[in-house]
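Below: the structure, in structure tokens.
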Amino acid sequence: MSTALNGAVRFVDLQAQIQSLQPALNQAIQAVLGRGDFILGKDVELFEQEFAAYCGVPHAVGVDSGLSALELALRVLRIGPGDEVITQANTFIASAGAILAVGARPVLVDCDDDGVIRPDAVRAALTPATRAIMPVHLFGRICDIEAIMAIADAAGVPVVEDACQAHGALLNGRRAGSFGIASAFSFYPAKNLGAFGDAGMLLTRSAELADAVRQLRNYGQKTKYQHVSLPLNHRLDTMQAAVLRVKLPHLDGWNARRQYLADAYREHLEGLPIRIAPAGAQGRHVYHLFVIETEQRDRLRDALQAGGIETGIHYPTPLHLQPALNELGYRRGAFPTAERLAAHSLSLPIYPEMSLAQVELVAGGIRAGLPG
């Protein structure tokens with residue numbers, strides 16, 4: 023379990039997880055060093071197979087980040103200039119960044135009070151130029167993906183799931199990332215399944231799309247030095263794949279622990295003037311982040327910080343108000359729910375190695391930090 027020094031609670035404690043797996047991690051890393059297959063080596067292919075099987079999808083292609091997985095999915099779907107891709111306003115900028123990277127236009131829509139994309143807003147945003155829908159399973163919670171799929175099927179456009187924060191989440195027996203034509207995962211170190219650096223994965227049910235992504239990630243090579251498509255470099259390092267193979271068998275247990283800690287937070291925070299999104303069906307939320315909402319967000323965060331409790335804000339500025347996206351032409355007030363959540367949301371520490379005593383410490387800090 024994570025340790026608290028002088029009452030401190032870290033937002034994420036990566037060292038605690040590393041220590042629990044140290045012998046297996048050392049063995050996996052030494053095996054890669056011994057083979058020297060650092061680029062697209064043995065562990066990359068094995069991890070692709072194992073993660074695809076875990077998610078219930080036939081094809082997986084390892085890449086260097088979740089952003090790359092999203093971009094490559096759009097490229098192989100031949101989405102580009104003049105096309106529109108619908109996504110939500112209250113997500114990490116990588117979602118929009120992938121769309122811009124292929125020359126398409128992000129069409130932003132608002133979220134619901136729980137922070138996930140609204141199907142009715144997606145339907146209203148469809149135009150003749152819509153070429154894909156990119157829903158985000160934000161903070162570890164699967165969005166209303168079945169409704170999104172129905173809208174997409176009726177419109178004849180593909181769905182590319184941004185599952186970068188939802189490793190292992192379940193809806194009606196299906197994993198996040200198994201619904202759309204393609205999906206993207208990030209293995210950033212702090213994710214529910216994290217590497218020792220940047221790493222990502224693209225999943226798809228299409229063998230043709232998988233083959234196209236394999237070419238694109240490796241300089242457009244069909245065979246060595248025969249470049250048949252755009253020469254990009256988005257390969258997953260063998261060392262990262264080896265680390266992820268060690269961690270994958272623990273993912274369900276880690277997610278269950280996150281869900282247990284989330285329930286403990288709900289119990290200890292009951293009755294306080296804050297809002298917590300409902301958990302939903304069992305397994306639907308894997309709590310990459312545990313987020314509360316309060317109008318006293320900044321005051322509360324300062325009080326917690328003074329008590330040695332780290333928190334985060336995800337995300338303080340919605341996409342339509344980011345300077346990098348000014349060219350899209352959106353203005354303040356365009357997406358009121360996204361803007362409200364940006365102003366009021368606070369992410370609390372949550373990770374599998376966290377103790378119940380630490381949850382109680384955070385909850386106590388919140389009780390003390392809110393106005394009486």
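Residue numbers in the sequence shown follow the working numbering, run continuously in steps of one, and reach 394 at the last position. C-beta: ideal position from N, C-alpha, C; glycine also.
- Taking the C-beta atoms as reference points, D220 is found nearer than 7 Å to S87.
- Along the length of the stretch 114-167, whole beta strand (DSSP E) runs at least 3 residues long occupy 127-131, 152-155, reported in chain order.
- By the criterion of a C-beta distance shorter than 6 Å, S205 is surrounded in its chain by E183, A185, G199, L225, once the five residues flanking it on both sides are discounted.
- Assignment of G178 by DSSP, reduced to helix, strand and coil, places it in the coil class.
- Residue range 273-291 is occupied by the alpha helix (DSSP H) that includes A284, with no beta strand (DSSP E) assigned at that position.
- For S367, the uninterrupted beta strand (DSSP E) segment begins and ends at 367-370.
- If you draw a straight line from the Cα of I314 to the Cα of R321, it comes to about 14 Å.
- The stretch 27-53 contains, as complete alpha helix (DSSP H) runs of 4+ residues, the segments 36-42 (chain order).
- When C-alpha distances from H310 are compared across T339, Y76, F209, D59, the shortest belongs to F209.
- Less than 7 Å separates the beta-carbon of V85 from that of A91.
- In the three-state reduction of the DSSP assignment, H342 falls in the helix class.
- Ranked by Cα distance from L343, the first of C77, I115, V79 is I115.
- In this chain, the beta strand (DSSP E) harbouring A206 covers 204-208.
- Under the 10 Å beta carbon count, F60 is surrounded by fewer than 16 other beta carbons and is classified as exposed.
- With a cutoff of 7 Å on beta-carbon distance, P374 and V31 are scored as not near each other.
- Within the same chain, Cβ atoms closer than 7 Å to the Cβ of L89 are found at A116, G119, A120, the five residues on either side in sequence being excluded.
- The stretch 123-130 and the stretch 100-109 touch, with three or more beta-carbon pairs separated by less than 8 Å.
- DSSP places L92 inside the alpha helix (DSSP H), whose first and last residues are 88-98.
- Residue burial is scored here from C-beta neighbours: L283 has at least 16 other C-beta atoms within 10 angstroms and is therefore classed as buried.
- Counting only residues of its own chain and dropping the five nearest sequence neighbours on each side, I331 has a CB closer than 6 Å to the CB of V31, V384, G387.
- Secondary structure within the stretch 304-336: the beta strand (DSSP E) runs of 3 or more consecutive residues, fully enclosed, are 312-315 (chain order).
- The DSSP-derived three-state label of R389 is helix.
- Taking a cut-off of 8 Å on C-beta distances, the stretch 75-85 touches the stretch 227-234, as three or more cross pairs fall below it.
- The Cβ neighbour count for N255, taken over all protein chains shown within 10 Å, is under 16; the residue is labelled exposed.
- By the neighbour-count criterion, in which a residue is buried when 16 or more other Cβ atoms sit within 10 angstroms of its Cβ, Q237 is buried.
- Look at the beta carbons and you see the stretch 162-177 touching the stretch 133-140: at least three pairs across the two are nearer than 8 Å.
- R100 counts as exposed, since fewer than 16 other C-beta atoms from the protein chains shown sit within 10 angstroms of its C-beta.
- Between the stretch 142-162 and the stretch 173-182, the count of C-beta pairs closer than 8 Å reaches three or more; the two stretches touch.
- In the displayed model, N255 falls within a strand according to three-state DSSP.
- Under DSSP, E183 shares a beta bridge with S205.
- Between R323 and L368, the C-beta spacing is below 7 Å.
- In the structure shown, R354 falls within a coil segment according to DSSP collapsed to helix, strand and coil.
- Rounded to whole angstroms, the separation of the alpha carbons of Q243 and R57 is 24 Å.
- V308 sits close to G162, with the two beta carbons spaced by under 7 Å.
- Counting only runs of 4 or more residues that sit fully inside the stretch 53-82, the alpha helix (DSSP H) segments are 64-77, in chain order.
- One thing to note: H366 has its Cβ no nearer than 7 Å to the Cβ of E292.
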